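S.K.:
Residue numbers (our numbering): 34 to 180.
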């Protein structure tokens, strides 16, 4: 269920009520030589259980833009965000800055807090007392589509 759409992120609640999870083949998929079919050990895997530690405080958001590509966050990737985690230096955070959501790496330095993009095409943002600034949550995982 979609909760909110901002200029750069769309937020979603995880669906904790759906079924048993997808089929999981616990073989280790070979990126080299193929593995024999009889090695398959079939079970069920819930991505909620794998990716979410605090279900009451976790949300998903879809990335829009290119400012974090060097951190592996590409346009349209789905972020897993935990609002219960403490913000720390070098963590990737979803922040509310002056009326808009953004995702950046936190840089906590002696001269203040900076929001550091991971793309040389974008400049760091220094947080000042004039900014309306909230660290909304910490990114714990990214889910990518492979076409």
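Each residue gets a CB set at the ideal place from its N, CA and C atoms; glycine is no exception.
These numbers were taken from a predicted model, which means no experiment stands behind them.
1) Taking DSSP as the reference, what is the three-state secondary structure of residue 161?
2) Round the Cβ separation of residue 152 and residue 101 to the nearest angstrom and send it over; I've been treating them as touching at under 8 Å.
3) Which word fits residue 37, buried or exposed, when buried means at least 16 other C-beta atoms lie within 10 angstroms of its C-beta?
4) Look up residue 127 in the DSSP assignment and say whether it is helix, strand or coil.
5) Under the three-state reduction of DSSP, which class applies to residue 177: helix, strand or coil?
6) For residue 87, which option in 177, 172 and 176 has the closest C-alpha, if you only look at C-alpha atoms?
7) How many Å lie between residue 111 and residue 123 at the Cα?
8) Just grab the DSSP bridge partners of residue 85 for me.
9) What number of angstroms, rounded off, separates the C-alpha of residue 159 from the C-alpha of residue 113?
10) Taking the alpha-carbon positions, what's the residue 83 to residue 142 distance?
M.R.: This is what the structure gives:
1) Start at 1 with the first residue of the chain shown, and residue 161 comes out as number 128. Of the three classes helix, strand and coil, the one that applies to residue 161 here is coil, per DSSP.
2) In the chain shown, the residue the question calls residue 152 occupies position 119. In the chain shown, the residue the question calls residue 101 occupies position 68. Between residue 101 and residue 152 the Cβ distance is about 7 Å, and since that is below 8 Å, they are a contact.
3) To locate residue 37, count along the chain shown from 1; it is residue 4. Annotation note: pLDDT 43 at residue 37 (below 50); position unreliable, coordinate value reported separately. When all chains shown are included, residue 37 counts as exposed.
4) Locating residue 127 in the chain shown gives position 94, where the first residue counts as 1. Looking at residue 127 - three-state DSSP - the assignment turns out to be strand.
5) Taking the chain shown and counting its residues from 1, one reaches residue 177 at position 144. Correct three-state label for residue 177: coil.
6) For the purposes of this step, residue 87 is taken as the residue at position 54 of the chain shown. Nearest option by C-alpha distance: 172.
7) Against the chain shown, residue 111 aligns to sequence position 78. Against the chain shown, residue 123 aligns to sequence position 90. About 20 Å.
8) Along the chain shown, one-based indexing puts residue 85 at 52. DSSP, once it has assigned bridges, lists no residue as partnering residue 85.
9) In the chain shown, counting from the first residue as 1, residue 159 sits at position 126. In the chain shown, counting from the first residue as 1, residue 113 sits at position 80. Roughly 25 Å separates the two Cα atoms.
10) Numbered from 1 along the chain shown, position 50 holds the residue referred to as residue 83. Numbered from 1 along the chain shown, position 109 holds the residue referred to as residue 142. Those two C-alpha atoms are separated by around 33 Å.
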